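As structure tokens, the structure follows; a few thoughts come after it.
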Amino acid sequence: MSDVTIKQLAQVLGMPVDKLLTQLGEAGMKFSDQEQVISSTEKVKLLGFLRRTHGKSEAVAEVDDSAPRQITLKRRTVGELKVATPGGRGAAATAKTVNVEVRAKRTYVKRSVIAEEASAEPEREDAVRKLQESQQQREQEERERIEAEQRRQAEAQQRALDDQQRKAEQEQREAEAATPEVEPVTSGKVEAAAEPEATPEAPPAVAAADDASTVQRIDQRELGMILPRIHEPRKREKLVKPAAAPAAPAAAAATPARTAAAATPAAAGSDAARGKPKHSRERAELPGNKEDREAGKRFAGGQMHLSEADRARRSSSSGKRGKPGRSGGREMSRSSAPSGPHGFSRPTAPVVREVVISDSNIVADLAQKMAVKGSEVVKALFKMGVMATINQTVDHDTAVLVVEELGHTPVADNQNNAEETLAAHTQNVELEGEKITRPPVVTIMGHVDHGKTSLLDYIRRTKVASGEAGGITQHIGAYHVETSKGVITFLDTPGHAAFTSMRARGAQSTDIVILVVAADDGVMPQTVEAVKHARAAKVPLIVAVNKMDKDGANPDNVKQGLVQYEVVPEDWGGDVQFIPVSAKTGAGVEDLLDAISVQAEVMELKAVADGRASGVVIESSLDRGRGPVATVLVQQGTLRKGDFVVCGVEYGRMRALIDETGKQVTEAGPSIPVQVLGLSGVPETGDDFVAVEDERLAREVAEERQQKRRETRMVSKSNRLEDIIAKMGQGVEQQTLNILVKGDVQGSVEALRESLTQIGNDRVRVNVVASGVGGITESDATLAAASKALIIGFNVRADASARKVIETGGLDVRYFSIIYDVIDQVTQAATGLLGMEVREDIIGIAEVRDVFRSSKFGAVAGCMVTEGTVKRSKPIRVLRDNVVIFEGELESLRRFKDLVDEVRNGMECGIAVKQYNDVKPGDQIECFERTEVARTL
Numbered sequence: 001m002s003d004v005t006i007k008q009l010a011q012v013l014g015m016p017v018d019k020l021l022t023q024l025g026e027a028g029m030k031f032s033d034q035e036q037v038i039s040s041t042e043k044v045k046l047l048g049f050l051r052r053t054h055g056k057s058e059a060v061a062e063v064d065d066s067a068p069r070q071i072t073l074k075r076r077t078v079g080e081l082k083v084a085t086p087g088g089r090g091a092a093a094t095a096k097t098v099n100v101e102v103r104a105k106r107t108y109v110k111r112s113v114i115a116e117e118a119s120a121e122p123e124r125e126d127a128v129r130k131l132q133e134s135q136q137q138r139e140q141e142e143r144e145r146i147e148a149e150q151r152r153q154a155e156a157q158q159r160a161l162d163d164q165q166r167k168a169e170q171e172q173r174e175a176e177a178a179t180p181e182v183e184p185v186t187s188g189k190v191e192a193a194a195e196p197e198a199t200p201e202a203p204p205a206v207a208a209a210d211d212a213s214t215v216q217r218i219d220q221r222e223l224g225m226i227l228p229r230i231h232e233p234r235k236r237e238k239l240v241k242p243a244a245a246p247a248a249p250a251a252a253a254a255t256p257a258r259t260a261a262a263a264t265p266a267a268a269g270s271d272a273a274r275g276k277p278k279h280s281r282e283r284a285e286l287p288g289n290k291e292d293r294e295a296g297k298r299f300a301g302g303q304m305h306l307s308e309a310d311r312a313r314r315s316s317s318s319g320k321r322g323k324p325g326r327s328g329g330r331e332m333s334r335s336s337a338p339s340g341p342h343g344f345s346r347p348t349a350p351v352v353r354e355v356v357i358s359d360s361n362i363v364a365d366l367a368q369k370m371a372v373k374g375s376e377v378v379k380a381l382f383k384m385g386v387m388a389t390i391n392q393t394v395d396h397d398t399a400v401l402v403v404e405e406l407g408h409t410p411v412a413d414n415q416n417n418a419e420e421t422l423a424a425h426t427q428n429v430e431l432e433g434e435k436i437t438r439p440p441v442v443t444i445m446g447h448v449d450h451g452k453t454s455l456l457d458y459i460r461r462t463k464v465a466s467g468e469a470g471g472i473t474q475h476i477g478a479y480h481v482e483t484s485k486g487v488i489t490f491l492d493t494p495g496h497a498a499f500t501s502m503r504a505r506g507a508q509s510t511d512i513v514i515l516v517v518a519a520d521d522g523v524m525p526q527t528v529e530a531v532k533h534a535r536a537a538k539v540p541l542i543v544a545v546n547k548m549d550k551d552g553a554n555p556d557n558v559k560q561g562l563v564q565y566e567v568v569p570e571d572w573g574g575d576v577q578f579i580p581v582s583a584k585t586g587a588g589v590e591d592l593l594d595a596i597s598v599q600a601e602v603m604e605l606k607a608v609a610d611g612r613a614s615g616v617v618i619e620s621s622l623d624r625g626r627g628p629v630a631t632v633l634v635q636q637g638t639l640r641k642g643d644f645v646v647c648g649v650e651y652g653r654m655r656a657l658i659d660e661t662g663k664q665v666t667e668a669g670p671s672i673p674v675q676v677l678g679l680s681g682v683p684e685t686g687d688d689f690v691a692v693e694d695e696r697l698a699r700e701v702a703e704e705r706q707q708k709r710r711e712t713r714m715v716s717k718s719n720r721l722e723d724i725i726a727k728m729g730q731g732v733e734q735q736t737l738n739i740l741v742k743g744d745v746q747g748s749v750e751a752l753r754e755s756l757t758q759i760g761n762d763r764v765r766v767n768v769v770a771s772g773v774g775g776i777t778e779s780d781a782t783l784a785a786a787s788k789a790l791i792i793g794f795n796v797r798a799d800a801s802a803r804k805v806i807e808t809g810g811l812d813v814r815y816f817s818i819i820y821d822v823i824d825q826v827t828q829a830a831t832g833l834l835g836m837e838v839r840e841d842i843i844g845i846a847e848v849r850d851v852f853r854s855s856k857f858g859a860v861a862g863c864m865v866t867e868g869t870v871k872r873s874k875p876i877r878v879l880r881d882n883v884v885i886f887e888g889e890l891e892s893l894r895r896f897k898d899l900v901d902e903v904r905n906g907m908e909c910g911i912a913v914k915q916y917n918d919v920k921p922g923d924q925i926e927c928f929e930r931t932e933v934a935r936t937l
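Quick note on numbering: the UniProt record's numbering labels position 12 of the sequence shown as 12, and the sequence is numbered without any gaps.
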């Protein structure tokens, strides 16, 4: 047996852990914790101590395992036996030799083993006896519980039957008052129904005329007794001969609600067999009372355990099995409706169900939740223009529309308890914590090459712009600077057109936007886009007019350009500050910092400093040595080293916090950007991060988000009718250029993916098969080889294994460090897929003035060239009333009698059309040429 803990051993033995620890201590073994491991030797030692304590002889525990417990001896002897065989028909007898083999086997067992087994036998028998006693006790308790449950059911049935009888009597009295013409019959029924209660001791009548005897039981309910249970044996039956009581058909028709008193079709069908009169009038004349007849019908079948509704249902089913010749039985079985608890009753109104809708829903599951056929759901989807099969998945909005279309109520799926716990935790931190003043977060935006990074370098006293590839910023940077006006956090965004989403993300994470505009360049497209992002984020705007040290600086031109977009300067009556600055000389920088401080004081920026941190991811990347690295901006609370953080679909423990200078810090407060290490993967830029109390909650939230994302990706984009019609109208198959993109940071990869997917037209499109952060790996190269994709590495390179796959497969890999070079080369590659386009250019038109007949050429048209030049080597068309009637080529072009190659505008000529003689005066001969032109995007 393998080593186990003390807690597990106590569970196996069925005893408390404290008692087992006490016994181990008495045996001389020191154990203090229930999670400690106990070995097999220690178990044997404890067993010997317990045997000695209880006065039993200790078994020999330490026996040499090499010594055998028993010995088996085998002996085999071989001998010969001669058997005489008689000869046939006078022949002499012969002797036959038979080989005889004798095998003997004897086993010797040690006496100690026999004694041990003999001592263990009483204990085994005692354990088996106790096990049997406990099993019998459990069975007895189970039987008593079942009997008590059946007794309660019988009492409930009895009470229901009494209520039904009282209700029937009340209806009988009402019917008696409403129908005076059948008063004698109805009153007789009421008296007969009430008679068993009034005279429960009245003996049943015996009819002398009835030869057949029936078996009847005494009604125990009339004696105030409880009905016997189903599993109990029936009591001894009493033989009586009840007389056939008169039954009036009119009374039975007048009270159809009394199902328990109605005669069964089987009893009606067997009247003739018992010698009873057929007609109701003859039966009414026979002596006897109605109580005896009903008692006989109720208990004649040995069905005392059934309720009235069950007996009515069984009697109706037995009537259906009667003889087909009895019309009365058929009518009664047809008129009696199943009124038992198992009878089907059609619902009076449609059933409206609450259907739980998640982010992705399988069509078959939706049908099962609504209790409809799958074809009904598919039909509803087809009516909505979504062609999906029963096994496909639809999104949340489509599922809600389908559920409402089929008349049910959609309900949101509220099973994400971890997400709700996280949201409540974040809300509590914001509400309960004490808010203090925090530094402002300032985002610098503007057009490319307008000096954003240079202005920030002057403020930070650094030289970041000189190290950028191509002299342009291609990453979003986060810095906090301690100035004379206080701490300010700056976010530097790229100005290239491809980084639209990165600029929008910077505007959403900021408090103030500084719009940098070059005084010598004016308002440009990205300047206008930055204004729109600031308006959408509802943040104040400060315009920094840069490059004021240049000779061609014109700040008024900048103001006039921005006024068109509702950015009005303060000196023109607006609310936007315009600060002239120079990033080269530093002029106006102090005024800019003053404007930021004033705006921050007006906004009264505050945040909770004490508590768990929350914020947003500014940038993320994959470092070869450090793993996933994310630049985060703390917005609430304080982020400390060692905290557990949920960041989108990733989670982890903060192993290190690094500021923008590369130094490690222990914590980061509100409005402070830091780089964090320790996440499980590279998060998406723009994801929110929240610090939680333990790793379990972080892992659950991340797994739930991953499951949601996986379900969203699994939702098949079903073919819509509009898409199919659009594809049918194209006619030409669209070419696809597959590209695999790998970059150094998540923001650059996102910008590349969005820019490349916008390249294309109706004939060619760019498909990004995969994108990611980090170097080009072997799996990336294998995927590119399988999809025949172009590999683009943006500031990354391929490793050794990937280069081997690239060389083997002959893949095309291109490395870039400037984003517009990527866009230009991909545009050229996509243009190469378009092929050549054939164009037709009309170079000349000749008008037919007269037609001459020639024996050599047939019809020769005498023409005047009215436009362009007619060339003999080019194809022509013959037009009549501006309609093309023939297309071919010239056979002869002459001027006077000379054969010429071309005839220019305003000159006369003779034209013979090859294989066409139906030229008439007034026709036009159009000369054109075909040229191949490369298609462009």
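Yeah, the Cβ is synthetic: ideal placement off N, Cα and C, and Gly gets one too. All values derive from a computational prediction rather than experimental measurement.
Practice task
Measure the Cβ-Cβ separation of aspartate 744 and serine 620 and say whether it is below 8 Å.
Solution key: On the sequence shown, position 744 is the one that residue 744 refers to. On the sequence shown, position 620 is the one that residue 620 refers to. No.
Exercise for the section: With DSSP as the reference, label phenylalanine 896 as helix, strand or coil. Expected result: To locate residue 896, count along the sequence shown from 1; it is residue 896. Coil at phenylalanine 896, not helix or strand.
Handout entry: Own chain partners of glutamate 35 with C-beta closer than 7 Å, once the 5 adjacent residues on each side are dropped
Key = Your numbering for residue 35 matches position 35 in the sequence shown. Thr5, Lys7, listed in sequence order.
Exercise for the section: In angstroms with no decimal places, state the Cα-to-Cα distance between serine 718 and valine 386. Expected result: For the purposes of this step, residue 718 is taken as the residue at position 718 of the sequence shown. For the purposes of this step, residue 386 is taken as the residue at position 386 of the sequence shown. In this prediction, serine 718 has a pLDDT of 49, which is less than 50 and means its spatial position is unreliable; nothing more can be read from the coordinates.
Problem - asparagine 557, DSSP secondary structure in three states - result: For the purposes of this step, residue 557 is taken as residue 557 along the sequence shown, with counting starting at 1. Helix.
Handout entry: Cβ neighbours of leucine 13 in the same chain (closer than 8 Å, five flanking residues each side left out)
Key = For the purposes of this step, residue 13 is taken as the residue at position 13 of the sequence shown. Once the five neighbours on either side are set aside, the close Cβ partners of leucine 13 are Leu20.
Exercise for the section: Evaluate contact between the segment 608-618 and the segment 691-707, counting only Cβ atoms and requiring at least three cross-stretch pairs below 8 Å. Expected result: Yes, since at least three Cβ pairs between the segment 608-618 and the segment 691-707 fall closer than 8 Å, the two stretches touch.
Exercise for the section: Could you please give me the residues that DSSP links to serine 358 through a beta bridge? Expected result: Your numbering for residue 358 matches position 358 in the sequence shown. Note: serine 358 sits in no beta bridge, so no partner.
Practice task
Check whether the Cβ atoms of arginine 624 and glycine 642 lie closer than 8 Å to each other.
Solution key: One-based indexing of the sequence shown puts residue 624 at position 624. One-based indexing of the sequence shown puts residue 642 at position 642. Cβ atoms of arginine 624 and glycine 642: not closer than 8 Å.
Exercise for the section: Check whether the segment 734-741 touches the segment 702-709, counting contact only when three or more Cβ pairs, one atom from each stretch, lie closer than 8 Å. Expected result: no
Exercise for the section: Would you kindly check if the distance between the Cβ of isoleucine 776 and the Cβ of alanine 798 is under 8 Å? Expected result: Indexing the sequence shown from 1 puts residue 798 at position 798. Indexing the sequence shown from 1 puts residue 776 at position 776. Taking a C-beta distance under 8 Å as the contact criterion, alanine 798 and isoleucine 776 qualify as a contact pair.
Problem - proline 580 - DSSP class collapsed to helix/strand/coil - result: By one-based count along the sequence shown, residue 580 stands at place 580. It is a strand residue.
Exercise for the section: Keeping to the same chain, check which residues put their C-beta closer than 7 Å to that of glutamine 915; ignore five residues upstream and five downstream. Expected result: Your numbering for residue 915 matches position 915 in the sequence shown. The beta carbon of glutamine 915 sits closer than 7 Å to the beta carbons of Gly888 from its chain, once the five residues preceding and following it are set aside; these are given in chain order.
Handout entry: Straight-line Cα distance separating threonine 931 from lysine 584
Key = Here residue 584 corresponds to residue number 584 of the sequence shown, with the count starting at 1. Here residue 931 corresponds to residue number 931 of the sequence shown, with the count starting at 1. Rounded to the nearest whole angstrom, the CA to CA distance from lysine 584 to threonine 931 is 54 Å.
Practice task
Could you please give the first and the last residue of the uninterrupted alpha helix (DSSP H) stretch that includes serine 755?
Solution key: As a first step, residue 755 must be located in the sequence shown, where it is residue number 755. Its alpha helix (DSSP H) spans residues 746-757.
Exercise for the section: Between the Cα of glycine 587 and those of Glu101, Ser509, Met548, Phe578, spot the shortest distance and give me the residue it belongs to. Expected result: To locate residue 587, count along the sequence shown from 1; it is residue 587. Correcting the residue type first, residue 587 is alanine in the shown sequence and not glycine. When each option's Cα is compared against that of alanine 587, the closest is Met548.
Handout entry: Close beta carbons around methionine 384, own chain, < 8 Å, minus the five adjacent residues each side
Key = Stepping through the sequence shown from its first residue, residue 384 is reached at position 384. The answer, listed in chain order, is Thr398, Leu401, Val402, Glu405.
Handout entry: C-beta contact flag for threonine 685 and glycine 747 at 8 Å
Key = If you number the sequence shown from 1, residue 685 lands on position 685. If you number the sequence shown from 1, residue 747 lands on position 747. For threonine 685 and glycine 747, yes; Cβs fall inside 8 Å.
Problem - Alpha-carbon to alpha-carbon, isoleucine 436 and isoleucine 512 - result: Here residue 512 refers to the residue found at position 512 of the sequence shown. Here residue 436 refers to the residue found at position 436 of the sequence shown. If you take the alpha carbons of isoleucine 512 and isoleucine 436, they lie about 19 Å apart.
Practice task
Reducing DSSP to helix, strand and coil, say where residue 942 ends up.
Solution key: The chain is shown only over 1 to 937; residue 942 falls outside these bounds and no answer can be derived.
Exercise for the section: Tell me the start and end of each unbroken beta strand (DSSP E) in the segment 91-177 that is at least 3 residues and wholly inside, in chain order. Expected result: 94-109
Practice task
Note the first and the last residue of the continuous beta strand (DSSP E) segment covering glycine 743.
Solution key: Numbered from 1 along the sequence shown, position 743 holds the residue referred to as residue 743. Start and end: 735-743.
Handout entry: Helix, strand or coil at threonine 831 [DSSP, three-state]
Key = Along the sequence shown, one-based indexing puts residue 831 at 831. Residue state, collapsed to three classes: helix.
Exercise for the section: Using the Cα positions of proline 16 and glutamate 125, report the straight-line distance between them to the nearest angstrom. Expected result: Translated into positions along the sequence shown, residue 16 becomes position 16. Translated into positions along the sequence shown, residue 125 becomes position 125. Computed Cα separation, rounded: 25 Å.
Practice task
Would you kindly work out how many angstroms separate the C-alpha atoms of glutamate 711 and threonine 393, rounded to a whole number?
Solution key: Numbered from 1 along the sequence shown, position 711 holds the residue referred to as residue 711. Numbered from 1 along the sequence shown, position 393 holds the residue referred to as residue 393. One alpha carbon belongs to glutamate 711, the other to threonine 393, and they sit about 9 Å apart.
Problem - Under 8 Å between C-beta atoms of lysine 369 and valine 355 - result: Locating residue 369 in the sequence shown gives position 369, where the first residue counts as 1. Locating residue 355 in the sequence shown gives position 355, where the first residue counts as 1. Taking 8 Å as the Cβ cut-off, lysine 369 and valine 355 qualify as a contacting pair.
Exercise for the section: Tell me whether the beta-carbon of isoleucine 514 lies closer than 8 Å to the beta-carbon of proline 440. Expected result: Indexing the sequence shown from 1 puts residue 514 at position 514. Indexing the sequence shown from 1 puts residue 440 at position 440. Cβ atoms of isoleucine 514 and proline 440: not closer than 8 Å.
Handout entry: Inter-residue CB distance, lysine 82 and lysine 96 (contact presumed, cutoff 8 Å)
Key = Your numbering for residue 82 matches position 82 in the sequence shown. Your numbering for residue 96 matches position 96 in the sequence shown. Sure, about 7 Å apart at Cβ, within 8 Å.
Handout entry: proline 673 and glutamine 636 closer than 8 Å at C-beta
Key = Within the sequence shown, numbered from 1, the residue matching residue 673 stands at position 673. Within the sequence shown, numbered from 1, the residue matching residue 636 stands at position 636. Not a contact, by the Cβ cut-off of 8 Å.
Exercise for the section: Run the CB neighbour count on glycine 793, radius 10 Å, all protein chains shown included, and call it buried at 16 or more, exposed below. Expected result: Along the sequence shown, read from residue 1 onward, the residue named residue 793 stands at position 793. Label assigned to glycine 793: buried.
Handout entry: DSSP state of serine 817 mapped onto helix, strand, coil
Key = The sequence position of residue 817 within the sequence shown is 817, counting from 1. Three-state result, serine 817: coil.
Handout entry: Residue from Thr831, Ser755, Val749 with nearest C-alpha to valine 764
Key = For the purposes of this step, residue 764 is taken as residue 764 along the sequence shown, with counting starting at 1. Closest by alpha carbon: Thr831.
Handout entry: Meets three-Cβ-pair contact criterion under 8 Å: the segment 855-868 and the segment 899-919
Key = yes
Problem - Nonlocal neighbours in the same chain, by C-beta distance under 8 Å from valine 442, ignoring five residues either side - result: Reading the sequence shown from its first residue, position 442 is the one you call residue 442. In the same chain as valine 442, and ignoring 5 residues on each side of it, the C-beta atoms closer than 8 Å to its own belong to Ile488, Thr489, Phe490, Leu491, Thr510, Asp511, Ile512, Val513, Ile514, Ile596, in chain order.
Practice task
Answer yes or no: do valine 796 and lysine 874 have a C-beta to C-beta separation smaller than 8 Å?
Solution key: Along the sequence shown, one-based indexing puts residue 796 at 796. Along the sequence shown, one-based indexing puts residue 874 at 874. Here valine 796 is not near lysine 874, since their CB atoms are 8 Å or more apart.
Problem - Contact check, valine 903 vs leucine 893, beta carbons under 8 Å - result: To locate residue 903, count along the sequence shown from 1; it is residue 903. To locate residue 893, count along the sequence shown from 1; it is residue 893. Contact flag set, yes.
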